[in-house]
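*Asks:* This structure is in structure tokens; I'll ask about it shortly.
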Amino acid sequence: MALSPDSMSQKIALISVASGAIALLLVCVGIGTPNWYLEYTTISGSNYYKSESANFFYSCSFASDGSFKQCVNREDGLTYYPYDASAAWMNDFSDRMRNAAGLCIVGILFLAIGIVLTLVMAFIYLPKWLNLLPPALLFLACLFMLAGMAEGARFLSYNGYSANLFQTGHLLTMFALFLSAFAAGRIHFSRTTGARINTVQK
Numbered sequence: 001m002a003l004s005p006d007s008m009s010q011k012i013a014l015i016s017v018a019s020g021a022i023a024l025l026l027v028c029v030g031i032g033t034p035n036w037y038l039e040y041t042t043i044s045g046s047n048y049y050k051s052e053s054a055n056f057f058y059s060c061s062f063a064s065d066g067s068f069k070q071c072v073n074r075e076d077g078l079t080y081y082p083y084d085a086s087a088a089w090m091n092d093f094s095d096r097m098r099n100a101a102g103l104c105i106v107g108i109l110f111l112a113i114g115i116v117l118t119l120v121m122a123f124i125y126l127p128k129w130l131n132l133l134p135p136a137l138l139f140l141a142c143l144f145m146l147a148g149m150a151e152g153a154r155f156l157s158y159n160g161y162s163a164n165l166f167q168t169g170h171l172l173t174m175f176a177l178f179l180s181a182f183a184a185g186r187i188h189f190s191r192t193t194g195a196r197i198n199t200v201q202k
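Pasting the structure below:
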């Protein structure tokens with residue numbers, strides 16, 4: 001019969017999984033929606049409307065009545081982005097956006113795997129040092145997501161709800177990391193202590 005971690009460690013790990021799952025949902029919605037950057041156009045006086053929106057992958061335009069017009073991939077001349085694609089340095093802008101997108105996606109993958117392994121850790125005794133793998137993956141997820149946001153912020157202003165969702169997901173990932181690391185430490189310590197007790201001669 002396989003042994004399982006103590007109930008307190010299980011509860012901490014499950015809270016970490018719940019936090020990580022919510023974080024995963026938020027970052028997936030955030031990275032997939034085009035409202036990281038919003039541009040508004042003044043109609044008259046104090047009246048204005050959202051005319052353009054963009055993320056790391058594509059941008060969209062809207063009519064003055066708020067209706068959707070179209071979306072365009074970033075590679076297609078950087079249409080609806082806040083900079084003129086004719087400028088020579090715009091190749092660097094496109095490269096930065098591609099790098100930011102890649103870093104964020106890798107971070108999301110680390111987050112998903114870290115959640116799954118934390119759930120496994122909650123119910124199954126993993127080999128000794130593998131208990132440290134779930135928090136390590138969540139730590140990498142935090143690093144990659146932060147690096148992605150920093151890379152993208154060099155050229156794109158985050159003034160839309162999509163960026164807020166991703167940033168909230170990043171904060172929840174850090175919370176999940178803390179709980180996963182705490183649970184892993186408890187499990188590792190309890191196994192080490194138990195092994196020492198079992199080797200004492202009677």
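Counted the way full-length UniProt numbering counts, the sequence shown spans residues 1 to 202. Heads up, the beta-carbon is just placed ideally off N, CA and C, and yes, glycines get one too. All values derive from a computational prediction rather than experimental measurement.
Measuring only the C-alpha atoms, how far is ASN164 from LEU156?
*Replies:* 14 Å
*Asks:* Could you check the C-alpha separation between ALA195 and VAL29 for me, to the nearest Å?
*Replies:* Here the model assigns ALA195 a pLDDT of 47, short of 50, so the residue's position is not dependable, and the following value carries that caveat. For ALA195 and VAL29, the distance between alpha carbons rounds to 45 Å.
*Asks:* List the endpoints of the continuous beta strand (DSSP E) containing LEU38.
*Replies:* 37-44
*Asks:* Is VAL27 closer than 8 Å to ILE108 when the C-beta atoms are compared?
*Replies:* yes
*Asks:* Per DSSP, what kind of secondary structure is ALA136 in: helix, strand or coil?
*Replies:* helix
*Asks:* Please state whether the Cβ-Cβ distance between TYR58 and PRO82 is less than 8 Å.
*Replies:* no
*Asks:* Tell me, to the nearest whole angstrom, how far the beta carbon of ASN99 is from that of GLU151; I am working on the premise that it is less than 8 Å.
*Replies:* 5 Å
*Asks:* Do SER51 and ALA183 come within 8 Å of each other at the CB atom, strictly closer than that value?
*Replies:* The Cβ atoms of ALA183 and SER51 do not sit closer than 8 Å to each other.
*Asks:* Following the continuous alpha helix (DSSP H) through SER19, name the residue where it begins and the one where it ends.
*Replies:* 7-32
*Asks:* Could you tell me whether the segment 4-13 touches the segment 117-131, using the rule of 3 or more Cβ pairs below 8 Å?
*Replies:* yes
*Asks:* On the criterion of 16 or more Cβ atoms from any shown chain inside 10 Å, does THR173 qualify as buried, or is it exposed?
*Replies:* buried
*Asks:* Using the three-state DSSP reduction, which class does GLU52 fall into: helix, strand or coil?
*Replies:* strand
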